[in-house]
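A quick write-up on the structure given underneath.
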Amino acid sequence: MSSPLVSKVTFEHHHDGFGLGYSSPRLSWQFIASEQTAPSWTQTAYEIEVEWLSSTSKAETFSVESNESVLVPWPAKPLSSRARAAVRVRVQGRGSGKDATSLETTSDWSEAAIVEAGLLKREDWVASFIAADTKAIALDSDEDGLHPLRFRKEFTLDAAASLDSGSRARLYISGLGVYKAYINGKRTSDEEMAPGWTDYNYRLNYRVHDVTGLLKPGETNVLAVEVAEGWYAGRLGWGGGTRFIYGKDLGILAQLEIHSGEKVEPWRTTTDTTWKVASSPIRTSSIYDGEGFDARENTDAKVGWNRVLQQGVDVQTDWGATRELPWPAGELVAPNAAPVRVVKTVDAVSVFQSDSGKTIIDFGQNLVGKVQVQEIDIPKDSEVTLKHAEVMENGELGTRPLRLAKATDTIISAGQPLRQWTPQFTFHGFRYVQVDGLTQPTPTKENFKALVMHTDLKRRGEFTCSNAKVNQLHSNIRWSMDGNFLSIPTDCPQRDERLGWTGDIQVFSPTANFLYNTTGMLGDWMLDLQSEQMAFDDCIPPLVSPSIPIPGWPHSPAAIWDDVVVLTPYALYQSSGDRTILERHFESMQGWLEKGVLRDPADGLWDQGHWQLGDWLDPKAPADDAAGGATDDVLVADTYLCHVTDVFADVCRILGKAEAHAAYAGQAARLKQSFQHKYISPAGNLMSSTQTGVALAVRFGLYRDDPRELETARFRLDKLVRREQFHIATGFAGTPAILGALTAVGKPQLAYRMLLEETCPSWLYPVTMGATTVWERWDSMLPDGRINPGSMTSFNHYALGAVAEWLHATVGGITTKPGSGWRTVLVQPVPGGDLTSAAVSFDGPYGMVSCEWRLEGKKFTMKLDVPPNADAEVTLPSETSVQKVESGTHNFSCDFDPGEWPPQPILQPH
Ligand code: BGC
Numbered sequence: 019m020s021s022p023l024v025s026k027v028t029f030e031h032h033h034d035g036f037g038l039g040y041s042s043p044r045l046s047w048q049f050i051a052s053e054q055t056a057p058s059w060t061q062t063a064y065e066i067e068v069e070w071l072s073s074t075s076k077a078e079t080f081s082v083e084s085n086e087s088v089l090v091p092w093p094a095k096p097l098s099s100r101a102r103a104a105v106r107v108r109v110q111g112r113g114s115g116k117d118a119t120s121l122e123t124t125s126d127w128s129e130a131a132i133v134e135a136g137l138l139k140r141e142d143w144v145a146s147f148i149a150a151d152t153k154a155i156a157l158d159s160d161e162d163g164l165h166p167l168r169f170r171k172e173f174t175l176d177a178a179a180s181l182d183s184g185s186r187a188r189l190y191i192s193g194l195g196v197y198k199a200y201i202n203g204k205r206t207s208d209e210e211m212a213p214g215w216t217d218y219n220y221r222l223n224y225r226v227h228d229v230t231g232l233l234k235p236g237e238t239n240v241l242a243v244e245v246a247e248g249w250y251a252g253r254l255g256w257g258g259g260t261r262f263i264y265g266k267d268l269g270i271l272a273q274l275e276i277h278s279g280e281k282v283e284p285w286r287t288t289t290d291t292t293w294k295v296a297s298s299p300i301r302t303s304s305i306y307d308g309e310g311f312d313a314r315e316n317t318d319a320k321v322g323w324n325r326v327l328q329q330g331v332d333v334q335t336d337w338g339a340t341r342e343l344p345w346p347a348g349e350l351v352a353p354n355a356a357p358v359r360v361v362k363t364v365d366a367v368s369v370f371q372s373d374s375g376k377t378i379i380d381f382g383q384n385l386v387g388k389v390q391v392q393e394i395d396i397p398k399d400s401e402v403t404l405k406h407a408e409v410m411e412n413g414e415l416g417t418r419p420l421r422l423a424k425a426t427d428t429i430i431s432a433g434q435p436l437r438q439w440t441p442q443f444t445f446h447g448f449r450y451v452q453v454d455g456l457t458q459p460t461p462t463k464e465n466f467k468a469l470v471m472h473t474d475l476k477r478r479g480e481f482t483c484s485n486a487k488v489n490q491l492h493s494n495i496r497w498s499m500d501g502n503f504l505s506i507p508t509d510c511p512q513r514d515e516r517l518g519w520t521g522d523i524q525v526f527s528p529t530a531n532f533l534y535n536t537t538g539m540l541g542d543w544m545l546d547l548q549s550e551q552m553a554f555d556d557c558i559p560p561l562v563s564p565s566i567p568i569p570g571w572p573h574s575p576a577a578i579w580d581d582v583v584v585l586t587p588y589a590l591y592q593s594s595g596d597r598t599i600l601e602r603h604f605e606s607m608q609g610w611l612e613k614g615v616l617r618d619p620a621d622g623l624w625d626q627g628h629w630q631l632g633d634w635l636d637p638k639a640p641a642d643d644a645a646g647g648a649t650d651d652v653l654v655a656d657t658y659l660c661h662v663t664d665v666f667a668d669v670c671r672i673l674g675k676a677e678a679h680a681a682y683a684g685q686a687a688r689l690k691q692s693f694q695h696k697y698i699s700p701a702g703n704l705m706s707s708t709q710t711g712v713a714l715a716v717r718f719g720l721y722r723d724d725p726r727e728l729e730t731a732r733f734r735l736d737k738l739v740r741r742e743q744f745h746i747a748t749g750f751a752g753t754p755a756i757l758g759a760l761t762a763v764g765k766p767q768l769a770y771r772m773l774l775e776e777t778c779p780s781w782l783y784p785v786t787m788g789a790t791t792v793w794e795r796w797d798s799m800l801p802d803g804r805i806n807p808g809s810m811t812s813f814n815h816y817a818l819g820a821v822a823e824w825l826h827a828t829v830g831g832i833t834t835k836p837g838s839g840w841r842t843v844l845v846q847p848v849p850g851g852d853l854t855s856a857a858v859s860f861d862g863p864y865g866m867v868s869c870e871w872r873l874e875g876k877k878f879t880m881k882l883d884v885p886p887n888a889d890a891e892v893t894l895p896s897e898t899s900v901q902k903v904e905s906g907t908h909n910f911s912c913d914f915d916p917g918e919w920p921p922q923p924i925l926q927p928h
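For the sequence shown, the residue numbers in the numbering used here are 19 to 928.
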């Protein structure tokens with residue numbers, strides 16, 4: 019028996035430690051257990067070795083007696099800008115030896131993780147932002163948007179700067195727009211849509227690229243950057259949207275540094291007015307509308323623009339001057355999240371003709387990214403268009419849901435074959451692509467691939483069970499998360515919207531945090547939201563972040579959406595165990611509750627006359643009134659207000675703010691009483707006796723402390739669900755709550771029956787219709803194959819996929835014990851329905867948690883793996899008592915009968 023292995027350390031919530039924005043990053047490591055690992059192993063001490071790579075100082079080792087392995091303090095002197103170190107960890111611990119004797123173990127050193135700080139101070143930036151000098155270069159700016167630009171700089175790397183073995187070259191880069199950078203014709207990184215979308219008034223991402231291998235010492239080199247409008251200057255919002263929200267000048271900032279040996283001052287070349295600029299053969303590139311590439315504009319001066327130009331090409335005549343831009347108001351920040359990347363490639367499954375004879379490529383999966391055209395010959399001057407859509411309708415591409423997004427890429431040929439052509443600065447949400455203008459030869463499926471793009475998050479949670487349709491639902495939820503985690507968490511990835519709607523991520527974040535490590539990305543996004551919120555005296559957050567003008571939508575508070583400022587940091591805290599997230603957002607949370615919520619002075623609940631989004635997209639809401647569902651919108655808002663106040667009281671407790679905790683716990687109790695007085699009859703009947711109303715009141719603990727009330731709730735829910743014949747009757751607010759509420763009132767078989775319902779509206783209805791992502795509406799596609807007539811009909815919206823939280827925690831059976839950040843795993847599987855097995859795993863802060871169960875007849879068996887330095891509290895399905903187990907592999911069994919299956923609906927007698 020021995021120590022577990024220790025993973026490479028990670029730095030804060032940064033994706034890889036390179037280009038880090040922290041000087042004293044907290045460190046974490048995971049444990050990798052094997053059959054040799056001593057059971058019940060817990061850490062007693064750790065040693066951290068920090069070896070400075072940017073100086074000759076020796077490695078230092080720091081020994082700490084502690085059982086903490088997540089977010090421990092940085093032990094060494096703070097990192098200065100550009101500082102680089104190799105960090106390893108070794109742990110001591112205690113586990114059970116043979117005959118259960120206590121065994122002291124020491125691990126091997128972990129593999130070294132390299133940390134390198136970015137530019138931590140404003141003074142570290144020598145480069146200036148530059149844009150085209152409009153006196154020198156004509157820029158088109160019409161309704162198709164800004165013409166993308168190419169910037170270049172030639173420089174000679176002299177012998178003094180030559181790259182010896184100890185040298186390293188770094189490109190520090192950002193842009194106003196979206197950009198790609200090249201050195202001597204090669205990309206400096208694989209980022210897409212860089213620098214990503216932030217509220218540029220507050221924060222602008224920069225990244226550090228390791229370009230050591232791209233430079234040619236002693237020769238002329240070229241650093242080149244192409245930039246398109248992106249979110250910075252492009253049209254954003256529906257109904258025509260708004261252009262130039264942040265600015266009109268496409269700009270770049272680049273600082274190339276070579277550090278050799280011990281030399282303090284690096285060799286540098288930076289963006290300044292010695293750079294040249296030209297318009298790109300990419301004529302337009304818009305996030306909503308797509309990209310237009312005119313290969314004929316690839317003149318000699320532009321072919322090889324990002325390398326040394328061919329002999330005879332005169333940069334002076336073909337390339338224009340640049341000018342300096344003022345330093346932007348927003349702070350340059352090193353993001354924690356990984357960049358957006360092409361994360362995988364999907365082959366086309368077929369090419370077919372639409373009813374009107376158009377050529378359609380089917381990728382078999384609704385996805386987000388872009389098409390890559392493989393080798394194809396196109397006659398000179400001919401125009402090929404690629405039009406993207408998620409669905410087919412009436413035998414043709416179903417583009418109506420895209421509203422004013424053209425989602426079309428255009429290529430004008432110069433007569434040369436296209437080889438692996440793909441748009442550079444846009445993305446589409448699509449499964450089908452209509453190809454026009456390519457008739458000879460007829461395209462085949464081998465001519466096209468789809469490149470899937472999203473923020474490259476680390477995968478964490480997996481789930482499967484014995485029901486293939488539920489597995490497809492889970493796959494759809496993951497694909498919808500993938501497609502909508504593109505730099506920011508969005509509502510949808512295809513139409514003229516793609517915005518950071520706060521309500522959507524508020525309901526989905528517990529699921530998201532299980533599927534991937536989102537702490538870096540959502541943590542970064544929350545910073546923008548907080549800045550935007552706190553800029554208002556009334557502390558009302560914007561409905562979408564980054565905030566954009568939404569004509570016709572006043573700055574006005576909205577429950578569920580604005581509650582994101584409390585609930586999403588809290589969800590991140592629960593999944594990561596990081597209290598500092600709560601500290602960081604404390605004022606924003608308090609501001610929202612104290613000033614933002616528009617209250618009825620009489621009882622402190624929401625003002626009754628105030629319009630709310632309510633249980634948005636309840637299936638009973640009319641197609642053109644998504645807020646007009648069956649559950650009273652203010653009641654829904656009030657359930658959330660009680661809950662959010664409760665959560666905030668807990669935040670105060672966690673942060674040790676005793677007085678505030680007492681005050682808000684008191685306020686939560688008073689609000690609950692007001693809620694009961696207002697909405698719950700003495701016999702426990704809720705005013706809006708709907709699936710959403712009762713489920714939220716159950717989940718948020720709003721019934722009076724009287725068993726008869728819960729009995730009423732149980733009776734109501736049972737009746738509502740059977741009366742609905744197991745159809746879903748919830749929207750954004752009720753959907754995450756309904757199955758958990760049925761489980762909580764002791765009716766898990768009804769929850770399973772709802773989960774497994776296949777007719778509309780239900781979770782599996784889209785699956786039976788061939789959906790490969792989660793839809794915005796329960797019936798985005800109607801049973802007869804028509805697209806829902808509502809103007810807001812996406813086929814890739816994650817919000818209703820919030821049900822996966824129940825799949826993970828109740829079907830699979832694992833979740834974190836609140837406040838433990840997965841150090842204590844709660845294991846409470848509740849088998850039911852026709853499921854005979856389920857398997858769930860979570861690659862969490864302490865290592866891999868996994869749980870697999872089977873139900874054979876009435877025999878329930880379960881295998882559980884708890885990672886080292888963690889433990890678990892297990893409740894078997896037949897029991898109510900809790901068994902505490904330590905790390906290691908555990909097998910359980912019991913007799914279990916899930917009860918009546920299938921439950922019967924309440925039908926109208928004939
Ligand atoms: C978005 C939603 C969003 C809603 C709120 C829609 O257009 O797609 O998901 O939460 O508006 O109004």
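Where a beta carbon is used, it is the ideal one built from N, C-alpha and C, also for glycine. Just so it is clear, the structure is predicted and the values come from calculations on it, not from any experiment.
Among Asp-633, Pro-357, Ala-686, Ile-429, the one whose alpha carbon lies nearest that of Gln-709: Looking up residue 709 in the sequence shown gives position 691. Out of Asp-633, Pro-357, Ala-686, Ile-429, Asp-633 has the C-alpha closest to the C-alpha of Gln-709.
Burial state of Leu-800, where buried means 16 or more other Cβ atoms lie within 10 Å: Numbered from 1 along the sequence shown, position 782 holds the residue referred to as residue 800. Classification of Leu-800: exposed, given that the 10 Å Cβ count is below 16.
Proximity test, Trp-793 beta-carbon vs ligand 1 heavy atom, cut-off 7 Å: Reading the sequence shown from its first residue, position 775 is the one you call residue 793. Checking the Cβ of Trp-793 against ligand 1 gives no.
Proximity winner among Ala-888, Ile-148, Gly-258, Gln-383, relative to Pro-344 (alpha-carbon distances): Counting from 1 along the sequence shown, the entry for residue 344 is found at position 326. Nearest option by C-alpha distance: Ile-148.
Ser-699 to Gly-684 span [Cα, whole Å]: Counting from one through the sequence shown, the residue named residue 699 turns up at place 681. Counting from one through the sequence shown, the residue named residue 684 turns up at place 666. Looking at the two C-alpha atoms, the distance is approximately 23 Å.
Segment contact flag, the stretch 381-396 with the stretch 485-503, C-beta cutoff 8 Å, min 3 pairs: yes
Which residues DSSP lists as bridging Leu-873, in chain order: The residue labelled residue 873 in the question sits at position 855 within the sequence shown. Phe-878.
Assigned exposure category for Arg-314 - 16 Cβ within 10 Å defines buried: To locate residue 314, count along the sequence shown from 1; it is residue 296. It is exposed - the Cβ of Arg-314 has fewer than 16 other Cβ atoms within 10 Å.
Nonlocal neighbours in the same chain, by C-beta distance under 7 Å from Leu-585, ignoring five residues either side: Translated into positions along the sequence shown, residue 585 becomes position 567. Cβ neighbours of Leu-585 beyond the five flanking positions: Gln-524, Val-662, Val-665.
Beta-carbon contacts of Thr-786 that lie in its chain and below 7 Å, excluding the five residues immediately before and after: Taking the first residue of the sequence shown as 1, we reach residue 786 at position 768. Result list for Thr-786: Glu-776, in chain order.
Coil, strand or helix - Ala-135 by DSSP: Indexing the sequence shown from 1 puts residue 135 at position 117. Strand, per DSSP.
Proximity test, Ala-366 beta-carbon vs ligand 1 heavy atom, cut-off 7 Å: Position 348 of the sequence shown, counted from the start, is the residue given in the question as residue 366. Outside the cutoff, so no.
Backbone CA spacing between Val-243 and Gly-39 [nearest angstrom]: Indexing the sequence shown from 1 puts residue 243 at position 225. Indexing the sequence shown from 1 puts residue 39 at position 21. Cα to Cα, Val-243 sits roughly 24 Å from Gly-39.
His-815 beta carbon near ligand 1 (any heavy atom closer than 7 Å): By one-based count along the sequence shown, residue 815 stands at place 797. Yes.
Integer Cβ distance of Cys-778 from Trp-793, believed to fall under 8 Å: Start at 1 with the first residue of the sequence shown, and residue 778 comes out as number 760. Start at 1 with the first residue of the sequence shown, and residue 793 comes out as number 775. 11 Å between Cβ atoms; not a contact.
Given 8 Å, three or more beta-carbon pairs between the stretch 206-213 and the stretch 257-265: no
Terminal residues of the alpha helix (DSSP H) in which Asn-485 lies: Locating residue 485 in the sequence shown gives position 467, counting from the first residue. Per DSSP, Asn-485 belongs to no alpha helix (DSSP H) and is neither H nor E.
Simplified DSSP assignment, three categories, for Asp-336: Locating residue 336 in the sequence shown gives position 318, counting from the first residue. Looking at Asp-336 - three-state DSSP - the assignment turns out to be helix.
The beta strand (DSSP E) enclosing Gln-383, as first and last residue numbers: As a first step, residue 383 is located in the sequence shown; it is residue number 365 there, counting from the start. Taken as a continuous stretch (DSSP letters only), the beta strand (DSSP E) holding Gln-383 covers 377-391.
Under the three-state DSSP convention, the category His-815 falls into: Residue 815 sits at position 797 when you count from the first residue of the sequence shown. Three-state result, His-815: coil.
Residues that His-406 bridges to, as DSSP identifies them: Start at 1 with the first residue of the sequence shown, and residue 406 comes out as number 388. Paired residues: Val-451.
beta-carbon Val-810 near ligand 1 non-hydrogen atom, thresh 7 Å: On the sequence shown, residue 810 is found 792 positions in, with the first residue counted as 1. As written in the sequence, residue 810 is Met, which differs from the Val given in the question. It does: the Cβ of Met-810 is within 7 Å (strictly closer) of some heavy atom of ligand 1.
DSSP bridge partner residues for Glu-83 (one or two, in chain order): Counting from one through the sequence shown, the residue named residue 83 turns up at place 65. BP columns for Glu-83 point to Ala-63.
Sequence-distant residues of the same chain with beta carbon closer than 6 Å to Thr-748, five excluded per side: Here residue 748 is taken as the residue at index 730 of the sequence shown, counted from 1. Gln-709, Thr-710, Ile-756, listed in sequence order.
Contact check, Pro-235 vs Gly-906, beta carbons under 8 Å: In the sequence shown, the residue the question calls residue 235 occupies position 217. In the sequence shown, the residue the question calls residue 906 occupies position 888. No; because the gap between Cβ atoms is not below 8 Å, this pair is not in contact.
Segment limits, beta strand (DSSP E) that includes Cys-912: Stepping through the sequence shown from its first residue, residue 912 is reached at position 894. Segment 906-913, the beta strand (DSSP E) holding Cys-912.
Any non-hydrogen atom of ligand 1 closer than 7 Å to Glu-985 Cβ: Because the chain is modelled from 19 through 928, residue 985 falls outside the range shown and cannot be assessed.
Unbroken beta strand (DSSP E) run spanning Val-295, endpoints: Numbered from its first residue, the sequence shown carries residue 295 at position 277. Run containing Val-295: 294-297, per the beta strand (DSSP E) assignment.
CB contact flag (Val-712, Ala-681, <8 Å): The residue you call residue 712 lines up with position 694 of the sequence shown. The residue you call residue 681 lines up with position 663 of the sequence shown. In this structure, Ala-681 does not lie closer than 8 Å to Val-712 by Cβ.
Rounded C-alpha distance that separates Val-229 from Val-240: Walking along the sequence shown from the start, residue 229 turns up at place 211. Walking along the sequence shown from the start, residue 240 turns up at place 222. Going by the C-alpha atoms only, they are around 12 Å apart.
Contact the stretch 597-607 vs the stretch 285-293: 3+ CB pairs below 8 Å: no
Closest Cα partner of Ser-374 within the set His-406, Ala-356, Glu-411, Gly-348: Stepping through the sequence shown from its first residue, residue 374 is reached at position 356. Here the closest residue by C-alpha is Glu-411.
Extent of the continuous alpha helix (DSSP H) to which Asn-531 belongs: Counting from 1 along the sequence shown, the entry for residue 531 is found at position 513. That run of the alpha helix (DSSP H) goes 520-533.
Run of the beta strand (DSSP E) containing Lys-716, from where it starts to where it stops: If you number the sequence shown from 1, residue 716 lands on position 698. Sequence check: residue 716 is Val here, not Lys. Element bounds for Val-716: not the beta strand (DSSP E) but the alpha helix (DSSP H), 709-717.
Contact under 8 Å by Cβ, Leu-89 with Asp-596: Taking the sequence shown and counting its residues from 1, one reaches residue 89 at position 71. Taking the sequence shown and counting its residues from 1, one reaches residue 596 at position 578. Taking 8 Å as the Cβ cut-off, Leu-89 and Asp-596 qualify as a contacting pair.
Cα-Cα separation between Val-739 and Arg-771, rounded to whole angstroms: Position 721 of the sequence shown, counted from the start, is the residue given in the question as residue 739. Position 753 of the sequence shown, counted from the start, is the residue given in the question as residue 771. The straight-line gap from Cα to Cα measures roughly 9 Å.
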